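Positions in the sequence shown are counted from 1; adding 169 to them yields the working numbering.
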Amino acid sequence: MLCQFTVKNYKSIRDEVTFDMQAVAISEHEDRVIKDKDGEQFLPVSAIYGPNGGGKSNVLEALRALAAKILRPLYATRDNEKCIFFQKKLVIEPFAFSEETKNAPTEFEIFFRTEMAEYRYVLHVKKEVVVYESLDRVKLDTGRRSALFERGDEITLKGVFSRLKISEGLSATLPMLSYLGITYKRNEVVKDVLEWFECGIDFLNYGNPIEELRLAVSNSEEVKLLMLEMIQEMDLDIVDFRVAEEENDRIDVYTKHMVEGYEAELNLLEESSGTKKLFGLMPFIAESLLRGTTLIIDELDAKIHPVLLRHIIMMFQDMDINREKAQLIFTSHDLSTMNGEVFRRDEIWFAAKGNVQNSKLYSLVEFKNEKGESVRKDAKYDKQYLEGKYGADPYLRRIIDWGKVNA
């Protein structure tokens, strides 16, 4: 699970912002939180709203940039599709509208959990060079805290890593975590950490829906069955589908329709653009729920009907369905779901720019008006959002006095 992510000096994000998936002690939808083995509670869903250009996509992109920085060296010699996605060079760009930030490092801090432990990983990068890095953990069964390594001017290995050896001349652009993954990939703790970055968090890419469908569905009947359940919720006349591998490694997807008792099969290419988008999305939703991953999707509402969006959110929030502690994090403009029936207040986030093009990020539960009052759980979130009361109205250019934001 993702617990918390903090980033500073990345693209439109000048000052430090923190995206928190820890559940706040509030009195709404208390049954819709993930309860871990040590009693800590986390959110299964979070949505980031805000105007175009406000920086909401940059929050998710910063998280992907961190994962890519770690995984690219590990994937350098592999050739599967996911590896190719992370092999593409992703430049870590600082905030551009200040001479000070342009010459300062980008700073990442992430807390995440595996079955074994909670980890805190810190990485500071300046022009691809690692200027600081550290890793700490807390074992969930004992609560014991320990530092694992720290890298500044020198590298110090600690705790269970203290007996590991580091070669001289370690590249300044190579994260220590990546080096450990290459050199000590059989080490239990190294494997636990890197498996989370590789398999525990997933970033949906809409580049090729049919190829994505093949990757997710071709060998998983369990995923297919869950997809068909979601299709039924949309009240489509699709009753089944199949993935066919044709000549020259070409992949085709066929949908089976039932109309007034007549059965017909169509190639997915003949379907509407909306149906194609659905088939590019649903395998990843199903995989996340079945495997318990953290799924990151930019502009989820642009891909699907509001009815299905609501249904997907509710599936992650239903702990009878979401038994594997899956999480869904997405950006959105859709207001049909921005209400207290669908979301807890700590699941709604806002991103917008201040006066010097710097993005701010804050949750609805922490927002306070000029009188210092919090947003009530029975408030009309969508109406107040459109009125600009939360400081991230999509239609107003000058939306808030940032000095009054408690963010």
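Where is the CB? At the ideal position from N, CA and C, for every residue including glycine. Quantities reported herein were computed from a predicted structural model and do not represent experimental measurements.
{"Asked": "Inter-stretch contact at 8 Å, needing at least 3 Cβ pairs: the segment 477–495 / the segment 205–223", "Found": "yes"}
{"Asked": "Burial state of G312 (16 or more Cβ within 10 Å)", "Found": "exposed"}
{"Asked": "Length at least 4, wholly inside the segment 380–460: the alpha helix (DSSP H) runs in chain order", "Found": "390–402 and 442–460"}
{"Asked": "Buried or exposed (CB count within 10 angstroms, at least 16 for buried), N227", "Found": "buried"}
{"Asked": "Alpha-carbon spacing of I217 relative to E456, whole angstroms", "Found": "22 Å"}
{"Asked": "6 Å Cβ shell around F277 - same chain, five flanking residues per side excluded", "Found": "V176, L235 and L292"}
{"Asked": "Inter-stretch contact at 8 Å, needing at least 3 Cβ pairs: the segment 405–424 / the segment 503–510", "Found": "no"}
{"Asked": "Sub-7 Å separation of Y160 and N508 beta-carbons", "Found": "The shown model of the chain, from 170 to 576, leaves out residue 160, and the question about it has no answer."}
{"Asked": "With 16 other Cβ atoms within 10 Å as the buried cut-off, status of M396", "Found": "buried"}
{"Asked": "At least three beta-carbon pairs within less than 8 Å, the segment 316–335 to the segment 349–359", "Found": "yes"}
{"Asked": "Distance, P344 Cα to K296 Cα", "Found": "13 Å"}
{"Asked": "Length of the line joining the Cα atoms of I577 and P242", "Found": "Look at the range of the chain in this structure, 170 to 576, and you will see that residue 577 is not part of it."}
{"Asked": "Outcome for R492 when other beta-carbon atoms lying within 10 angstroms are tallied against a minimum of 16", "Found": "exposed"}
{"Asked": "Pair within 7 Å by beta-carbon distance, A520 and G223", "Found": "yes"}
{"Asked": "Three-state secondary structure (DSSP) of Y375", "Found": "The predicted position of Y375 is uncertain, since its pLDDT is 48 and thus under 50; no value can be drawn from it."}
{"Asked": "Which residues DSSP lists as bridging K354, in chain order", "Found": "Beta-bridge pairing links K354 to no other residue."}
{"Asked": "Which of helix, strand or coil DSSP assigns to Y550", "Found": "helix"}
{"Asked": "Candidates E432, A192, F318 and F453: closest to S389 by CA position", "Found": "F453"}
{"Asked": "Test item: CB-CB of V193 and D515 under 7 Å", "Found": "yes"}
{"Asked": "Euclidean distance between Cα positions of K354 and E364", "Found": "10 Å"}
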